[in-house]
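Okay, so here's the structure we're looking at.
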Amino acid sequence: MSDYLVIVESPAKAKTIGKYLGKKYNVKASMGHVIDLPKSQMGVDVEHNYQPKYITIRGKGPVLKELKQAAKKAKRIYLAADPDREGEAIAWHLADSLNIDKDSKCRVVFNEITKEAIKDSFKHPGEINTNLVDAQQARRVLDRLVGYNISPLLWKKVKKGLSAGRVQSVAVKMIIDRENEITAFVPEEYWSITAHLSKDGMDFEAKFQQLDGKKKKLASKEDVDQVLERMSKGDFEVSAISRKERKRNPVSPFITSSLQQEAARKLNFRAKKTMMLAQQLYEGVDLGKQGTVGLITYMRTDSTRLSETAKAEAKEYIDIHYGNEFHLEPKNAKKNEKAQDAHEAVRPTGVMRDPKAMKPYLSRDQYRLYKLIWERMVASQMAPAVMDTMSVDLNNGGATFRATGSKMKFLGFMKVYVEGNDEGKEEKDKILPDLTEGDKPESEKVEPNQHFTQPPPRYTEARLVRTMEELGIGRPSTYAPTLDTIQRRGYVALEDKRFVPTELGTIVLDMIQEFFPEILNVEFTAEMETRLDAVEEGSEEWVRIIDEFYKGFEKRLSFAEEEMKEVEIKDEPAGEDCEKCGHEMVYKMGRYGKFMACSNFPNCRNTKAIVKEIGVGCPKCEKGQVVERKSKKRRIFYGCDQYPECDFISWDKPIARKCPKCQEMLIEKKSKKGVQVNCSSCEYKEDRT
1 MSDYLVIVES PAKAKTIGKY LGKKYNVKAS MGHVIDLPKS QMGVDVEHNY QPKYITIRGK
61 GPVLKELKQA AKKAKRIYLA ADPDREGEAI AWHLADSLNI DKDSKCRVVF NEITKEAIKD
121 SFKHPGEINT NLVDAQQARR VLDRLVGYNI SPLLWKKVKK GLSAGRVQSV AVKMIIDREN
181 EITAFVPEEY WSITAHLSKD GMDFEAKFQQ LDGKKKKLAS KEDVDQVLER MSKGDFEVSA
241 ISRKERKRNP VSPFITSSLQ QEAARKLNFR AKKTMMLAQQ LYEGVDLGKQ GTVGLITYMR
301 TDSTRLSETA KAEAKEYIDI HYGNEFHLEP KNAKKNEKAQ DAHEAVRPTG VMRDPKAMKP
361 YLSRDQYRLY KLIWERMVAS QMAPAVMDTM SVDLNNGGAT FRATGSKMKF LGFMKVYVEG
421 NDEGKEEKDK ILPDLTEGDK PESEKVEPNQ HFTQPPPRYT EARLVRTMEE LGIGRPSTYA
481 PTLDTIQRRG YVALEDKRFV PTELGTIVLD MIQEFFPEIL NVEFTAEMET RLDAVEEGSE
541 EWVRIIDEFY KGFEKRLSFA EEEMKEVEIK DEPAGEDCEK CGHEMVYKMG RYGKFMACSN
601 FPNCRNTKAI VKEIGVGCPK CEKGQVVERK SKKRRIFYGC DQYPECDFIS WDKPIARKCP
661 KCQEMLIEKK SKKGVQVNCS SCEYKEDRT
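Heads up: the sequence shown begins at 1 in the working numbering, then just goes up one per residue.
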């Protein structure tokens, strides 16, 4: 019989911790929450201080029974759920169900699952943090009051299966607002003038800046012609040279939101996938003779803080592998005002476990994410990169052009890691020839170019997470589930990895905006998050926060029930008939976007995926057309519309030309540099933008 019972959330976590603690400890998993509000009703008593009505979650009865039996045999029970609000709430509910004194030293918290951290945490058990429990309970009750009151209204007035929520509704509003900005955007014309110059056989470019020493806006061709007229008889002459040394500092280690953003940019991971893989790395990986080890610290955090031990280990690694000059004692990390700073940043639990050494033990995606986290943390402890920059002004008939160049002088942290960006652009050396004042480089050509301003881009997952974080909407644990929910409800869809609102999303948002404007108010939502944080800190009473919100909300709810009109969402004709019953096919919105269905439903349940022709004939059967399809994992691929008679398939987009060398199919390959056309058979390549 084991002397001690330890309860964690997941079997993987239980397995890892069990190996560290030994035979005296019986480690079991609760499989997440065992107690929660009922799904079939609101479960909040608004008449009695909004007290929640908790029940055992359906299907968790056997789990709870097993835990109770194990608890009877144990001398002492430890509750070791995750170190956040949800984890504290799980511990609190387990303590209640297993008759554990909540004021006893039953709570064990650790930020990383390594042997040393686990053993040390069990030496210092503490009490359940009731402030954390209250903060989780306040969020849960608040979301219930909003969701379980507005959602039935939407079911009644629009259609079943819809939902509304504080954070998800604001996220949808942000996407729709951005789409409205794009629709209303009026492009403005502007021009640029580029001089293509050379000296000593080295080509370089200079951009127009000023006319007669004053900034000149090039808004039209007439403005350009005015500049060109002044330049027609003059040569380019170097009038000023500026040389400077520029430093670029490393970025901080990952927090939850920045991890999701960078994994989207560099690895093409959705937020949900990033968090799933991070959970696996946190809970533990079997490293053969080393045993099972948690490779990263807890992944739900809004702090960039690192422990002194982690900094010292990073310094040692940097000194050994890169040299002393690559390490610089960093300044204390700046704390985000909105951050709770309860945990460290997301970092490797051991810097010496570098990605190359871990690769044999990890899946491909686990390895890629671990490598990203490891490189970011190590780079954060390295010296700044140093660049020599050169700026040259050249005069031609009163028109000033500027050429800029830069050369890497010292790589610093960039030897390990460079942060990605949404545009996918990489910083490269741009070398200028050796120039001095009075030099007259040769002018190859002067090229005017017309441009038009572009509308703001649609949100990618990474950009939306970043904006939500900046506005204070949601917290680390909410980003991934929020993005998942608004897609499952059919309020938004992803097109080319960017969010676009659906008709359903727009209709629902308009109704919420009319009757519950505070739910969509960004400032209100951010302020509510701040007040929930105050509950966690013990400076606010959760009941008072709920009561202040609900008094006004209840009045608007009664008004909406009377005044909200029913909306009929008509199906859009698909322009073809059902091949099974002859009725018209219509477009429907499902979990994964639009699809075609028979209008004779439920008598006919025929459905079809929407295929998009790309204007290329099938290279295999030469009868069909190549169409764009989506795999079960929503990845785009290309196949013949005569399937299953023809099984042609390609992950790369075919184009309507044949290879000039071997006459086989040409395909488009996307990269950060743009689109490259490759032959599917031989080595032929051509670059496109």
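Built from N, CA and C at the ideal position, the CB exists for glycine as well.
Check your understanding: What are the partner residues of arginine 466, as DSSP defines its beta bridges?
Key -> Indexing the sequence shown from 1 puts residue 466 at position 466. The partner list for arginine 466 (beta bridge, DSSP) is empty, contrary to what the question assumes.
Point to revise | Rounded C-alpha distance that separates alanine 333 from valine 418 | key: The residue you call residue 333 lines up with position 333 of the sequence shown. The residue you call residue 418 lines up with position 418 of the sequence shown. Low per-residue confidence applies at alanine 333: pLDDT is 48, beneath 50, and the placement is therefore not dependable, though the value from the model is reported in the following sentence. If I take the Cα positions, the gap works out to 19 Å.
**Study point:** Selection from Leu369, Gly615, Val611, Gly582 that minimises the alpha carbon distance to serine 599
**Key:** Position 599 of the sequence shown, counting from 1, holds the residue named residue 599. Of Leu369, Gly615, Val611, Gly582, the residue nearest in Cα terms is Gly582.
Practice item. Drop a sphere of 10 angstroms on the beta-carbon of histidine 124, count the other beta-carbons inside from all chains shown, and report buried for 16 or more, exposed for fewer. Key: The count along the sequence shown starts at 1 and reaches residue 124 at position 124. Flag for histidine 124 reads exposed.
Practice item. Answer with buried or exposed for tryptophan 542, where buried requires no fewer than 16 other C-beta atoms within 10 angstroms of its C-beta. Key: Along the sequence shown, read from residue 1 onward, the residue named residue 542 stands at position 542. That one is buried.
Practice item. From the DSSP output, read off the bridge partner residues of threonine 453. Key: Locating residue 453 in the sequence shown gives position 453, counting from the first residue. Beta-bridge pairing links threonine 453 to no other residue.
Check your understanding: Would threonine 530 be called buried (16 or more neighbouring beta carbons within 10 Å of its own) or exposed?
Key -> Position 530 of the sequence shown, counted from the first residue, corresponds to residue 530. Classification for threonine 530: exposed.
**Study point:** Cβ contact (3+ pairs, closer than 8 Å) linking the segment 502-513 and the segment 443-460
**Key:** no
Point to revise | Residue burial classification, aspartate 101 (beta-carbon count within 10 angstroms, cutoff 16) | key: As a first step, residue 101 is located in the sequence shown; it is residue number 101 there, counting from the start. Classification for aspartate 101: exposed.
Check your understanding: Apart from the five residues just before and just after arginine 657, which ones in its own chain have a Cβ nearer than 6 Å to its Cβ?
Key -> By one-based count along the sequence shown, residue 657 stands at place 657. Within the same chain, arginine 657 has close Cβ partners Leu666.
Exercise for review: Quick one: measure Cβ to Cβ for threonine 502 and alanine 493, integer angstroms, because I've assumed they're closer than 8 Å.
Suggested key: For this step, residue 502 is matched to residue 502 along the sequence shown. For this step, residue 493 is matched to residue 493 along the sequence shown. Threonine 502 to alanine 493, Cβ: 6 Å. Contact.
Point to revise | Sequence-distant residues of the same chain with beta carbon closer than 8 Å to lysine 156, five excluded per side | key: Taking the sequence shown and counting its residues from 1, one reaches residue 156 at position 156. Excluding sequence neighbours, lysine 156 sits near Glu566.
Review point. Helix, strand or coil: how does DSSP classify glutamine 381 here?
Key: Working through the sequence shown from its first residue, we reach residue 381 at position 381. Looking at glutamine 381 - three-state DSSP - the assignment turns out to be coil, as it is neither helix nor strand.
Review point. So glutamate 562 is in the beta strand (DSSP E); what residue range does that whole segment cover?
Key: The residue given as residue 562 occupies position 562 in the sequence shown. Taken as a continuous stretch (DSSP letters only), glutamate 562 belongs to no beta strand (DSSP E), being part of the alpha helix (DSSP H) at 542-563.
Exercise for review: State yes or no: is the C-beta of leucine 259 within less than 8 Å of the C-beta of alanine 278?
Suggested key: As a working mapping, residue 259 is identified with position 259 in the sequence shown. As a working mapping, residue 278 is identified with position 278 in the sequence shown. Cβ atoms of leucine 259 and alanine 278: closer than 8 Å.
**Study point:** Proximity winner among Asn603, Ala609, Phe648, Cys604, relative to glutamine 625 (alpha-carbon distances)
**Key:** In the sequence shown, the residue the question calls residue 625 occupies position 625. Closest by alpha carbon: Phe648.
Exercise for review: Go to histidine 93, then tell me how far its alpha helix (DSSP H) extends in each direction, as first and last residue.
Suggested key: Stepping through the sequence shown from its first residue, residue 93 is reached at position 93. Segment 85-97, the alpha helix (DSSP H) holding histidine 93.
Point to revise | methionine 275 vs glycine 397 beta-carbon contact at 8 Å | key: Taking the first residue of the sequence shown as position 1, residue 275 is located at position 275. Taking the first residue of the sequence shown as position 1, residue 397 is located at position 397. For methionine 275 and glycine 397, no; Cβs fall outside 8 Å.
**Study point:** Element boundaries [beta strand (DSSP E), containing threonine 194]
**Key:** By 1-based counting over the sequence shown, the position of residue 194 is 194. 189-199 is the span of the beta strand (DSSP E), which, as asked, contains threonine 194.
Review point. Rounded C-beta distance between valine 292 and lysine 23? I'm assuming under 8 Å.
Key: Locating residue 292 in the sequence shown gives position 292, where the first residue counts as 1. Locating residue 23 in the sequence shown gives position 23, where the first residue counts as 1. Residue identity differs from the one stated: residue 292 is threonine in this sequence, not valine. Not really, about 16 Å apart at Cβ, beyond 8 Å.
Review point. If you follow the alpha helix (DSSP H) that valine 34 is part of, which residue opens it and which one closes it?
Key: Sequence index remark: in the sequence shown, residue 34 carries index 34 (1-based). Element bounds for valine 34: n/a, residue is neither H nor E.
Practice item. Name the one or two DSSP bridge partners that aspartate 101 has. Key: The residue you call residue 101 lines up with position 101 of the sequence shown. For aspartate 101, which the question treats as bridged, DSSP gives no partner whatsoever.
Check your understanding: Distance, Cα to Cα, aspartate 200 vs glutamate 447?
Key -> Along the sequence shown, read from residue 1 onward, the residue named residue 200 stands at position 200. Along the sequence shown, read from residue 1 onward, the residue named residue 447 stands at position 447. Rounded to the nearest angstrom, the two C-alpha atoms are 21 Å apart.
Practice item. Could you pull out every unbroken beta strand (DSSP E) segment of at least 3 residues lying fully inside the segment 263-306, listed in chain order? Key: none
**Study point:** Proximity to aspartate 496 [Cα-Cα], best of Glu245, Trp374, Arg635, Glu554
**Key:** Locating residue 496 in the sequence shown gives position 496, counting from the first residue. Per the Cα distances, Arg635.
Review point. What are the boundary residues of the beta strand (DSSP E) that includes threonine 400?
Key: Within the sequence shown, numbered from 1, the residue matching residue 400 stands at position 400. First-last of the beta strand (DSSP E) with threonine 400: 399-410.
Check your understanding: Residues in its own chain within less than 7 Å of valine 146 by CB, not counting five upstream and five downstream?
Key -> To locate residue 146, count along the sequence shown from 1; it is residue 146. Ala164, Gly165, Arg166, Ile519, listed in sequence order.
Practice item. Compute the Euclidean distance between the alpha carbons of leucine 328 and arginine 300, then round it to the nearest angstrom. Key: Within the sequence shown, numbered from 1, the residue matching residue 328 stands at position 328. Within the sequence shown, numbered from 1, the residue matching residue 300 stands at position 300. When rounded, the distance between both Cα atoms is 28 Å.
Check your understanding: For the segment 399-407 against the segment 196-211, are there 3 or more C-beta pairs whose distance is under 8 Å?
Key -> yes
Practice item. Answer yes or no: do alanine 263 and leucine 369 have a C-beta to C-beta separation smaller than 8 Å? Key: Numbered from 1 along the sequence shown, position 263 holds the residue referred to as residue 263. Numbered from 1 along the sequence shown, position 369 holds the residue referred to as residue 369. Contact: yes.
Exercise for review: Please decide whether threonine 304 counts as near chain C, where near means a Cβ-Cβ distance under 8 Å.
Suggested key: Note that chain C does not occur in the displayed structure, where there is just one protein chain.
Point to revise | Spatial distance of glutamate 308 from lysine 608 (CA atoms) | key: As a working mapping, residue 308 is identified with position 308 in the sequence shown. As a working mapping, residue 608 is identified with position 608 in the sequence shown. Using only the alpha carbons, I get a separation of about 58 Å.
Exercise for review: Kindly give me the distance between the Cβ atoms of arginine 107 and glutamate 127, rounded to whole angstroms, as I take these residues to be in contact under 8 Å.
Suggested key: In the sequence shown, residue 107 corresponds to position 107, counting from 1. In the sequence shown, residue 127 corresponds to position 127, counting from 1. Their Cβ separation, rounded to whole angstroms, is 6 Å, which keeps arginine 107 and glutamate 127 in contact under 8 Å.
Exercise for review: Determine which residues share a DSSP beta bridge with arginine 498 and list them.
Suggested key: Start at 1 with the first residue of the sequence shown, and residue 498 comes out as number 498. Per DSSP, Glu495.
**Study point:** Cβ-based burial, tryptophan 92 [other Cβ within 10 Å; buried from 16]
**Key:** Translated into positions along the sequence shown, residue 92 becomes position 92. Classification of tryptophan 92: buried, given that the 10 Å Cβ count is 16 or more.
Check your understanding: For valine 616, which residues from the same chain have a beta carbon less than 6 Å from its beta carbon, with the 5 sequence-adjacent residues on both sides left out?
Key -> Residue 616 sits at position 616 when you count from the first residue of the sequence shown. For valine 616, where only same-chain residues beyond five positions count, the Cβ hits under 6 Å are Val626, Pro654, Ala656.
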